[in-house]
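**Q**
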Amino acid sequence: MKTLIIKARAKKAFTKTKIPGAAWVINQYVGCQHACMYCYAKFMRKWYDYGEWGTWVVVKENLPELVKDERVEGRIYMSSVSDAYQPVEKELKLTRRILENMDKSAELSILTKSNLVLRDVNILKKFENIEVGLTVNGFDRRIREEFEPHAPEHKKRIDALKALHDFGIKNYAFISPIIPIIVDVEEIIHETKDHTDFYWFEFLNMRASGKEFRYWLAQNYPESFKILSDEDKYREYVRNERKIILNSGIKVKGVETHCK
Ligand code: SF4
Numbered sequence: 006m007k008t009l010i011i012k013a014r015a016k017k018a019f020t021k022t023k024i025p026g027a028a029w030v031i032n033q034y035v036g037c038q039h040a041c042m043y044c045y046a047k048f049m050r051k052w053y054d055y056g057e058w059g060t061w062v063v064v065k066e067n068l069p070e071l072v073k074d075e076r077v078e079g080r081i082y083m084s085s086v087s088d089a090y091q092p093v094e095k096e097l098k099l100t101r102r103i104l105e106n107m108d109k110s111a112e113l114s115i116l117t118k119s120n121l122v123l124r125d126v127n128i129l130k131k132f133e134n135i136e137v138g139l140t141v142n143g144f145d146r147r148i149r150e151e152f153e154p155h156a157p158e159h160k161k162r163i164d165a166l167k168a169l170h171d172f173g174i175k176n177y178a179f180i181s182p183i184i185p186i187i188v189d190v191e192e193i194i195h196e197t198k199d200h201t202d203f204y205w206f207e208f209l210n211m212r213a214s215g216k217e218f219r220y221w222l223a224q225n226y227p228e229s230f231k232i233l234s235d236e237d238k239y240r241e242y243v244r245n246e247r248k249i250i251l252n253s254g255i256k257v258k259g260v261e262t263h264c265k
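If you're matching positions, the sequence shown starts at 6 in the working numbering and goes up one per residue.
(1) Taking DSSP as the reference, what is the three-state secondary structure of Ser114?
(2) Could you pull the DSSP bridge partners for Phe144 from this structure?
(3) Under the DSSP definition of a beta bridge, which residues are partnered with Trp29?
(4) Near Phe230, which residues of its chain fall below 6 Å by C-beta distance, leaving aside the five closest residues on each side in sequence?
(5) Return yes when the Cβ of Ile187 is within less than 9 Å of the Cβ of Phe132, no when it is not.
(6) Under three-state DSSP, which class holds Ile183?
(7) Given 8 Å as the limit, is there contact between the region 34-52 and the region 62-75, that is, 3 or more CB pairs closer than that?
(8) Identify whether Glu57 lies in helix, strand or coil by the three-state DSSP scheme.
(9) Going along the chain, which residues of its own chain have a beta-carbon closer than 8 Å to the beta-carbon of Val190, five neighbours each way excluded?
(10) Against chain B, with Cβ distances strictly below 9 Å, would Glu105 count as a contact?
(11) In terms of DSSP beta bridges, what is Phe206 paired with?
(12) So what's Lys12 in DSSP terms, helix, strand or just coil?
(13) Report yes if the C-beta of Thr60 is less than 8 Å from at least one heavy atom of the ligand SF4; otherwise report no.
(14) Bridge partners for Lys65 per DSSP, in chain order?
(15) Which value, in whole angstroms, describes the spacing of the CA atoms of Glu261 and Val243?
(16) Counting C-beta neighbours from all protein chains within 10 Å, is the total for His195 16 or more, i.e. buried, or is it exposed?
(17) Is it true that the CB of Glu136 sits closer than 9 Å to the CB of Tyr90?
(18) If Trp29 sits next to Ile81, beta carbons under 8 Å apart, how far is it from one beta carbon to the other, in whole angstroms?
(19) Provide the residue(s) that pair with Glu136 in DSSP beta bridges, ordered along the chain.
(20) Distance, Cα to Cα, Arg240 vs Glu57?
(21) Measure the C-alpha to C-alpha separation of Ile255 and Pro92 and round it to an integer number of angstroms.
(22) Tell me, please, which residues DSSP counts as bridged to Val72.
(23) Pop quiz: Asn5 and His263 are said to be a contact at Cβ under 8 Å. What is the actual Cβ separation, rounded to whole angstroms?
(24) Exposed or buried, what is Ile24 when buried is set at 16 or more other beta-carbons lying within 10 Å of its beta-carbon?
Pasting the structure below:
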């Protein structure tokens, strides 16, 4: 995978956010090598004109220094326009250095698609108030190669959730994007419930997923596309999935449906 790395310096580490459940966000990377076709952060190309999403990453090199002195009240979310554990992190260790330098009493929520997060368990354990989430959606190989070509496979994410649990780190599953016919919510709950502290759910945001993704879905999964683009069918689908979620005996923090 060839990636353009752009080195940058930031003025501040934390930015105010309206992301549910968080007050602040930290984005040490902008851009993401996981290159998800549906990624909602693709809009960042408006300001970072380096080419196709997934082929470049902006690296804010000075964040490990900045976090030493910045203190904020409320939960910090890592990250919203990138994945803190995308492949380049293996070599750069930028996320790791940030975690090492951060105030360990900070409230921190990390969400990733990568089992690379397990590399940092020894540092994560030092935080007094931390939760680590894995995005899971159960995509099979064919779908994953289209939708999330460079993200770790489903089983690795499930195993990472279990490992976090075994290490005593509070964990959560972010089941997203929920797509009719393609994603089996009930099965994912079944696979994870014994070693997952809580859940967030998010149905696909059709608008934010972009033209290319909508086109692919319409061509390859016309039945899914039909449900997503018909308001009544979609509402019925959401109602049924909600029932499954709420009857499954798990702790649910939120369900984002993107219904109008
Ligand atoms: S892992 Fe997240 S940030 Fe990265 S491309 Fe996929 S959806 Fe976007």
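Note that the Cβ used here is the ideal one computed from N, Cα and C, for glycine as well.
**A** In terms of the structure at hand:
(1) For the purposes of this step, residue 114 is identified with residue 109 of the sequence shown, where counting begins at 1. For Ser114, the secondary structure class from DSSP, reduced to helix, strand or coil, is strand.
(2) By 1-based counting over the sequence shown, the position of residue 144 is 139. Its beta-bridge partners do not exist; DSSP assigns none.
(3) The residue given as residue 29 occupies position 24 in the sequence shown. For Trp29, DSSP records a beta bridge to Lys21, Ile81.
(4) Working through the sequence shown from its first residue, we reach residue 230 at position 225. Spatial neighbours of Phe230 in its own chain (CB-CB distance under 6 Å, excluding positions within 5 residues in sequence) are listed in chain order as Leu222, Ala223.
(5) For this step, residue 132 is matched to residue 127 along the sequence shown. For this step, residue 187 is matched to residue 182 along the sequence shown. No, Cβ-Cβ distance for Phe132 and Ile187 is not below 9 Å.
(6) By one-based count along the sequence shown, residue 183 stands at place 178. Here Ile183 sits in strand by DSSP.
(7) Cβ pair count under 8 Å is three or more, so yes.
(8) If you number the sequence shown from 1, residue 57 lands on position 52. Taken through DSSP and simplified to helix, strand or coil, Glu57 comes out as coil.
(9) Counting from 1 along the sequence shown, the entry for residue 190 is found at position 185. Correct list, in chain order: Ile180, Ile183, Phe206, Glu246, Ile249, Ile250.
(10) Any reference to chain B falls outside this structure, which holds one protein chain only.
(11) Counting from one through the sequence shown, the residue named residue 206 turns up at place 201. DSSP, once it has assigned bridges, lists Ile180, Val260 as partnering Phe206.
(12) Along the sequence shown, read from residue 1 onward, the residue named residue 12 stands at position 7. Note: Lys12 maps to strand in three-state DSSP.
(13) Your numbering for residue 60 matches position 55 in the sequence shown. For Thr60, the shortest C-beta to heavy atom distance toward the ligand SF4 is 8 Å or greater.
(14) Residue numbering aside, residue 65 sits at position 60 when the sequence shown is read from its first letter. According to DSSP, Lys65 bridges with Ala13.
(15) Reading the sequence shown from its first residue, position 256 is the one you call residue 261. Reading the sequence shown from its first residue, position 238 is the one you call residue 243. Straight across, the Cα-Cα distance linking Glu261 with Val243 is about 10 Å.
(16) The residue you call residue 195 lines up with position 190 of the sequence shown. By the neighbour-count criterion, in which 16 or more other beta carbons inside 10 Å mark a residue as buried, His195 falls on the exposed side.
(17) To locate residue 90, count along the sequence shown from 1; it is residue 85. To locate residue 136, count along the sequence shown from 1; it is residue 131. Cβ atoms of Tyr90 and Glu136: not closer than 9 Å.
(18) As a working note, residue 29 is residue 24 in the sequence shown. As a working note, residue 81 is residue 76 in the sequence shown. Taking a contact as a CB-CB distance under 8 Å, the pair Trp29 and Ile81 counts as one, their CB atoms being some 4 Å apart.
(19) Locating residue 136 in the sequence shown gives position 131, where the first residue counts as 1. Looking at the DSSP assignment, Glu136 forms a beta bridge with Ser114.
(20) As a working note, residue 240 is residue 235 in the sequence shown. As a working note, residue 57 is residue 52 in the sequence shown. Going from the Cα of Arg240 to the Cα of Glu57 covers about 33 Å.
(21) For the purposes of this step, residue 255 is identified with residue 250 of the sequence shown, where counting begins at 1. For the purposes of this step, residue 92 is identified with residue 87 of the sequence shown, where counting begins at 1. Cα to Cα, the separation comes out at about 32 Å.
(22) Residue 72 sits at position 67 when you count from the first residue of the sequence shown. In DSSP, Val72 forms no bridge with anything.
(23) What is shown of the chain runs 6 to 265, which leaves residue 5 out entirely.
(24) By 1-based counting over the sequence shown, the position of residue 24 is 19. Within a 10 Å sphere around the beta-carbon of Ile24 sit fewer than 16 other beta-carbons, which makes this residue exposed.
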